[in-house]
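Participant:
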Amino acid sequence: MKILVIDDDIMILKMADFLLGKAGHEVITAESAEAAEELLPENPELIFADNMMPQMSGLELLEKLRSDERTKDIPVCMMSGTLSQELISSVVKFGAVGCIGKPLQQMDMLRIIEGVRTGG
Numbered sequence: 097m098k099i100l101v102i103d104d105d106i107m108i109l110k111m112a113d114f115l116l117g118k119a120g121h122e123v124i125t126a127e128s129a130e131a132a133e134e135l136l137p138e139n140p141e142l143i144f145a146d147n148m149m150p151q152m153s154g155l156e157l158l159e160k161l162r163s164d165e166r167t168k169d170i171p172v173c174m175m176s177g178t179l180s181q182e183l184i185s186s187v188v189k190f191g192a193v194g195c196i197g198k199p200l201q202q203m204d205m206l207r208i209i210e211g212v213r214t215g216g
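Take 97 as the starting number for the sequence shown in our numbering and just add one per residue.
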């Protein structure tokens, strides 16, 4: 699966690349929502996006993706260092497939990928 990971923390991007690459996925990374927009023509099948980024938050990015006909169907999973039930409810309300905590855990990421693959 081709996966776009967006986070302003380079260590998170390296960790995601390692964990997902080890599981056989093609990983594209971006250090901001704006940089990620330039990578959308590469047609990622799933996006993991940090919730708290400068300039544009993950929720703002999610809202923007959902309002664009070209990107509205790309599954998005939010990542957050401050995971709460309120955040999970918010991202699901905005159309995300889920929300995982940081530091990243391979099992959490693979669970989201499997859910996207199976439609659940």
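Every residue, glycine too, gets a C-beta built ideally from N, C-alpha and C.
Using the Cα positions of ILE124 and GLY154, report the straight-line distance between them to the nearest angstrom.
Facilitator: Computed Cα separation, rounded: 17 Å.
Participant: Any heavy atom of the ligand MG closer than 7 Å to the CB of MET174?
Facilitator: Inclusion of the ligand MG in the displayed structure is not the case, the ligand content being empty and no account of it being possible.
Participant: Who are LEU100's beta bridge partners in DSSP?
Facilitator: For LEU100, which the question treats as bridged, DSSP gives the partners ILE124 and ILE143.
Participant: Could you tell me whether the stretch 152-170 touches the stretch 201-210, using the rule of 3 or more Cβ pairs below 8 Å?
Facilitator: The stretch 152-170, when compared against the stretch 201-210, does not touch it at the 8 Å Cβ threshold.
Participant: DSSP three-state call for SER185: helix, strand or coil?
Facilitator: Three-state DSSP puts SER185 in a helix.
Participant: Can you grab the Cα-Cα spacing for the pair PHE114 / LYS189, in whole Å?
Facilitator: Rounded to whole angstroms, PHE114 to LYS189 spans 30 Å at the Cα level.
Participant: For GLY194, does the three-state DSSP call read helix, strand or coil?
Facilitator: Reduced to three states, the DSSP call for GLY194 is strand.
Participant: For the alpha helix (DSSP H) holding SER163, just list the boundary residues, first then last.
Facilitator: Per DSSP, SER163 belongs to the alpha helix (DSSP H) from 154-163.
Participant: Name the residue from ILE170, SER128, GLU141 and MET97 whose alpha carbon lies nearest to the alpha carbon of ASN147.
Facilitator: The residue with the shortest Cα to Cα distance from ASN147 is SER128.
Participant: In terms of residue numbering, what span does the beta strand (DSSP E) encompassing MET205 cover?
Facilitator: Not the beta strand (DSSP E): MET205 falls in the alpha helix (DSSP H), residues 202-214.
Participant: Closest to ILE108 by CA distance: which of VAL212, PRO171 and SER176 is it?
Facilitator: The shortest C-alpha separation from ILE108 is found at SER176.
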